[in-house]
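S.K.: Residue numbers (the numbering used here): 13 to 135. Idealized CB from N, CA, C, for every residue including glycine.
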Amino acid sequence: MDKLIKSLLVIATFAVQTSGMASAHARLTTSEPADGVVLNKSPQSVVLTFSEGLEPAFFQLSIEDAQGAKVDLKDEKVGGQDGKCLSAAPTTPLSAGSYKIDWHVLSKDGHQTAGTVTFKVMP
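1) Could you compute how far the alpha carbon of Ala101 sits from the alpha carbon of Ala81?
2) Could you please give me the residues that DSSP links to Asp47 through a beta bridge?
3) Please classify Pro45 as buried or exposed, where buried requires at least 16 other C-beta atoms within 10 Å of its C-beta.
4) Rounded to whole angstroms, what is the Cα-Cα separation between Leu85 and Gln72?
5) Output the residue ranges of the beta strand (DSSP E) runs that lie fully inside the stretch 92 to 116 and measure 3 residues or longer, sorted by chain position.
6) Assuming Lys53 is part of the beta strand (DSSP E), what are its boundary residues?
7) State the Cα-Cα distance for the pair Arg39 and Glu64, rounded to the nearest angstrom.
Spelled out as structure tokens, the structure:
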């Protein structure tokens with residue numbers, strides 16, 4: 013019985029110690045534009061903020077319209093406080109419609125994360 017209790021304590025201790033590791037991946041904390049928002053004009057830029065610092069050389073960011081056409085972007089970069097922001101700007105104003113921001117990042121801890129943010133432009 014003592015062995016069983018000791019084994020359970022070891023397993024529980026390991027689970028508690030490693031649970032923080034699993035959540036250490038960079039996760040999206042905020043986005044501008046916000047997910048699901050309806051804007052009355054084209055955004056001048058998109059800014060994605062993450063919980064962890066990002067590797068500046070390893071990211072992908074794209075914006076597509078409802079038909080899947082990619083929007084041309086400029087000034088794509090990782091920056092902000094502690095390198096937690098990914099940003100870019102459309103080269104021309106977005107016309108009315110639905111848009112999807114797809115992103116893939118590599119956090120400083122070496123983990124990859126990806127996701128999508130959607131928004132609409134309805135002037």
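M.R.: Taking the coordinates as given:
1) 16 Å
2) Answer by DSSP bridge pairing: none, since Asp47 is not bridged.
3) buried
4) 11 Å
5) 97 to 102
6) Careful: Lys53 lies outside any beta strand (DSSP E) and carries neither H nor E.
7) 7 Å
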